[in-house]
Amino acid sequence: MTTKVNDPITLEIIQNSLQATADEMFAVMKKTAMSSIIYEVLDMGTGITDAKGALASSGAGIPAFVGVLDKAVKVVVAKFDKPGDIEPGDVFATNDPYYGGVTHLNDIIVMMPVFAGGRIIAWTANIAHNSDVGGMAPGSLTGEATEIFQEGLRLPAIKIISKGEAIRSVMDIITVNSRMPDVLEGDVWAAIASVRIGAKRLVEIAEKYGVETFENAMTSFMDFGEQVSLKELEKLPKGTFELSEEQDDGRIFNVKITISDTEFVVDLRDNPDQSKNPVNTSRDGVMVSAQMIFKSLTDPYSAANEGSFRPIRLLTRPGSVFEAKEPAPIGFYYEIELRV
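For what it's worth, my numbering labels the leading residue of the sequence shown as -2, then goes sequentially.
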């Protein structure tokens, strides 16, 4: 029996509304950011997750950035797991690749829980490259860094807004560490405005269609994303495919990909130890790269969500260049992710 909760037309309307909300978040960030790398270069991304942090809808922006957001939200959800830790109006941030930041310290992720019906029903999130977050070099990027402490201020998944009010001491710590404090603070507030408008829109959608229907729409679309990926995965050649490639510094990178009807296994365990230089990446960063190539090979034209990537199984070795451990420097992570 078709009801409002599982009516396919209603669910599709909600899903499209999620996409529109993520796009509006992008527009707000673009129009209110202070630094040109955000409002002109558009070095940012927006998205919406469910209450547990699973990607429900990806907005505009750099694909690799959109794939970061769910991973950051999951870290916040796990860290703030006690009653009262997360309340309406709260906003959280991270930039640390060892605490959900995924990329490097310049990229600050801002996240806001969405409350309706007395509980969290979703999260709105964005990520953007900030021009200077401190560290040993202007711009916070240098090939001379030998540990992450030299690369700038670390925000290890923290609360920056409590019940709608800025935590001034936290904001002061963020700005005093930057060579461009006004620009950094302005960009952070642009990110806050972005997640706030997103949260407002999601509450309106949930109130219009009902919380249960809203949540079911996200779940059903993730399941649909998985079905599409599995259908396309069947069309790919099956077997194990290997490649070894020498890098500019003489290191050899190795990859082994095994494709079956149900799994896309990316094995990067046989690779060099993490570097003393800032050419490492986090495991989550490698997963984003795997997700991008998987999406390109299967269904590149539809929206991406958590279900789209369920067939991926990633294998990495802790302490390697593809799963760096703290305090390895990670500023030029994108060079390694491009190799992936």
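Glycine included, C-beta positions come from ideal geometry on N, C-alpha and C.
Here Pro315 is actually not in contact with Glu260; their C-beta atoms are around 22 Å apart, not less than 8 Å.
In this structure, Val337 is the residue among Val337, Thr278, Gly140 with its C-alpha nearest to the C-alpha of Phe250. As DSSP reads the structure, Val285 sits in no beta bridge. The DSSP-derived three-state label of Lys228 is helix.
According to the DSSP assignment, Met22 belongs to no beta strand (DSSP E) but to the alpha helix (DSSP H) extending over 5 to 29. Judged by DSSP secondary structure, Gly50 falls outside any beta strand (DSSP E); it is assigned neither H nor E. By DSSP's assignment, Ala90 forms a beta bridge with Val107, Ile155. Residue environment: Pro275 is assigned as buried (16 or more neighbouring CB atoms within 10 Å of its CB, all protein chains considered). With fewer than 16 other Cβ atoms inside 10 Å of its own Cβ, Val38 counts as exposed.
Look at the beta carbons and you see the segment 61 to 69 touching the segment 278 to 290: at least three pairs across the two are nearer than 8 Å. Between Leu294 and Val262, the gap from beta carbon to beta carbon reaches 8 Å or more. Excluding five sequence positions before and after Val65, the CB atoms of its chain that fall closer than 7 Å to its own CB belong to Val99, Thr100, Ile106, Ile124, Val285, given in chain order. For Phe77, there is no enclosing alpha helix (DSSP H), as DSSP gives it neither H nor E. Looking at Asp78, Pro85, Val74, the one whose alpha-carbon comes closest to that of Gly97 is Val74. Residue state for Thr237 is assigned as strand, using DSSP reduced to three classes. The beta-carbon separation of Ser14 and Ile202, rounded to 5 Å, stays under the 8 Å limit for a contact. Asp179: member of the alpha helix (DSSP H) spanning 178 to 206, first to last residue. When C-alpha distances from Ala196 are compared across Val88, Lys235, Phe62, Leu230, the shortest belongs to Val88. Comparing alpha carbon positions, the residue from Arg248, Arg151, Asp129 closest to Tyr95 is Arg151. Of all C-beta pairs linking the segment 140 to 157 to the segment 46 to 62, fewer than three are shorter than 8 Å, placing the two stretches out of contact.
Take Asp258, set aside five residues on each side of it, and the residues of its chain with a beta-carbon closer than 8 Å to its own are Leu227, Leu230, Glu231, Lys235, in chain order. Contact check for Thr121 and Ile171: beta-carbon distance about 20 Å, past the 8 Å limit, so the pair fails to qualify. Burial is judged here by how many other beta carbons sit within 10 angstroms of a residue's own beta carbon; Glu303 has at least 16 and is buried.
For Asp258, DSSP assigns no beta-bridge partner whatsoever. Under DSSP, Met41 takes part in a beta bridge, and its partners are Ala125.
Gln271 is classed as buried because its beta carbon has at least 16 other beta carbons within 10 Å across all chains shown. Less than 8 Å separates the beta-carbon of Lys253 from that of Asp264. Remark: C-beta atoms of Ile194 and Ala90 do not approach each other more closely than 8 Å. Non-local beta-carbon contacts of Thr216 in its own chain, meaning distances under 7 Å to residues more than five positions away in sequence, are absent.
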